[in-house]
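A.B. asks: My questions all concern the structure below.
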Amino acid sequence: MPETTAYKILTSAQMTELESGTFKGAPVDLADGYIHLSTAAQLQETLDKHFAGQDGLWLAAVDLEALGDAVKWEESRGGQLFPHIYGDLTLDAVTAYSELHYESDGSLRLPVTG
Numbered sequence: 047m048p049e050t051t052a053y054k055i056l057t058s059a060q061m062t063e064l065e066s067g068t069f070k071g072a073p074v075d076l077a078d079g080y081i082h083l084s085t086a087a088q089l090q091e092t093l094d095k096h097f098a099g100q101d102g103l104w105l106a107a108v109d110l111e112a113l114g115d116a117v118k119w120e121e122s123r124g125g126q127l128f129p130h131i132y133g134d135l136t137l138d139a140v141t142a143y144s145e146l147h148y149e150s151d152g153s154l155r156l157p158v159t160g
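Residue 47 is where the sequence shown starts when you use my numbering, and the numbers rise one by one after that.
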């Protein structure tokens, strides 16, 4: 069964756009024609590959079921399946968001509701 939550990594400016109600995509998303997401298991590799050395990042937890058919699971890096949104990411599909933070053991803290 596919996962029902995936995560979008956002800059502070992109988070502000999402908080306004609708996020159209980062430059790479707009160029590729879909919004890139990662599962919890894929997040660290995505951060290392595409966001190394960047500060002020945010994580948004996205309810994939709320987006319905706009979400497609497609093969990408290393043959892994990644969720992609073909359309806008609306704030009502986001269940939680927080600034990127690592726990004392080095693990990534995921945003949780409440």
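Yeah, the Cβ is synthetic: ideal placement off N, Cα and C, and Gly gets one too. This structure is a prediction, so every number in the text was calculated from the model and none was measured.
1) Note the first and the last residue of the continuous beta strand (DSSP E) segment covering A142.
2) Run the proximity test for V74: is its beta-carbon closer than 7 Å to any non-hydrogen atom belonging to the ligand FMN?
3) Using a Cβ-Cβ cutoff of less than 7 Å, which residues in the same chain neighbour A52 once the five nearest sequence positions on both sides are dropped?
4) Once you ignore the five residues that flank L146 on each side, which residues in its own chain have a CB closer than 7 Å to its CB?
5) Just mark L113 as buried or exposed, buried being the case when its beta carbon has 16 or more other beta carbons within 10 Å.
6) Does the distance from the C-beta atom of T92 to that of I131 stay below 8 Å?
7) Mind checking which residues open and close the alpha helix (DSSP H) that includes L76?
C.D. replies: Reading from the atomic positions:
1) Translated into positions along the sequence shown, residue 142 becomes position 96. Here the beta strand (DSSP E) through A142 covers 140-145.
2) As for the ligand FMN, it is missing from this structure, which has no ligand bound.
3) Position 6 of the sequence shown, counting from 1, holds the residue named residue 52. Around A52: L83, S84, T85, V108, L110, P129.
4) Residue mapping note: residue 146 aligns to position 100 of the sequence shown, counting from 1. L103, W104, L105.
5) Along the sequence shown, one-based indexing puts residue 113 at 67. So L113 counts as buried.
6) As a position in the sequence shown, residue 92 is number 46, starting the count at 1. As a position in the sequence shown, residue 131 is number 85, starting the count at 1. Contact: no.
7) Residue mapping note: residue 76 aligns to position 30 of the sequence shown, counting from 1. Its alpha helix (DSSP H) spans residues 73-78.
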